[in-house]
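Residue numbers (the working numbering): 532 to 727. Worksheet: the structure to be examined is printed underneath.
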């Protein structure tokens, strides 16, 4: 496809503008002195690796649930279909979204790590690393990369982690008619909830 196709420019422009909106939302939350004081005390999770594992798994499950709702709730699909309007997938396709999708994706970590969970005892790198892993896999799953499923490594990867092979058929204009591939990093949610 080449790197500088029209789709890429639209995705980068959309993603850049929405990133500025996201930064503004976080700034407003910070100015409002929004401090982590969630309902569930997580101070018992003292090991940073355990903190990361909990944060990562809950964030990934929450993103799965929201993505599932985006496809199954007609009102939400009206907005999410903007993401499915890409004619050619590449690593920037995850940046194309409606502002309602952006609000959802921005609200997930704010609600999860400030309202539901009290993560004030977490190591400073835990939540940013969990979020970064999701961003990395979002780019990877939309990338225009062929994965040879006859290779054992690719088959094993496909059982646990999202990838272009697993996610590519999810992208149709009629995404509300397709039931599957809602996971962000892990495909286990799709396998557990039978949406693979």
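Where is the CB? At the ideal position from N, CA and C, for every residue including glycine. The model shown is predicted, which means the values in this text are computed figures rather than measured ones.
Close CB contacts of residue 662 within its chain, under the 8 Å cut and outside five residues either way in sequence, are with 590, 640 (chain order). Rounded to whole angstroms, residue 631 and residue 538 show a C-alpha spacing of 20 Å.
A straight line joining the alpha-carbon of residue 618 with that of residue 699 spans about 12 Å. DSSP places residue 727 outside both helix and strand once states are collapsed to three, so it counts as coil. Separation of residue 635 and residue 629 (C-alpha to C-alpha, rounded to the nearest whole angstrom) is 10 Å. Contact annotation: the segment 667–676 does not touch the segment 644–657, with fewer than three C-beta pairs closer than 8 Å. Straight through space, the alpha carbons of residue 712 and residue 697 are spaced by roughly 7 Å. Less than 8 Å divides the Cβ of residue 627 from the Cβ of residue 541. At the C-beta level, residue 723 and residue 691 stay beyond 8 Å of one another. As DSSP reads the structure, residue 571 sits in a beta bridge with 648. Contact between residue 637 and residue 546 is absent: CB atoms are separated by about 13 Å, not below the 8 Å threshold.
Taking 8 Å as the cut-off, the Cβ atoms of residue 621 and residue 674 count as close.
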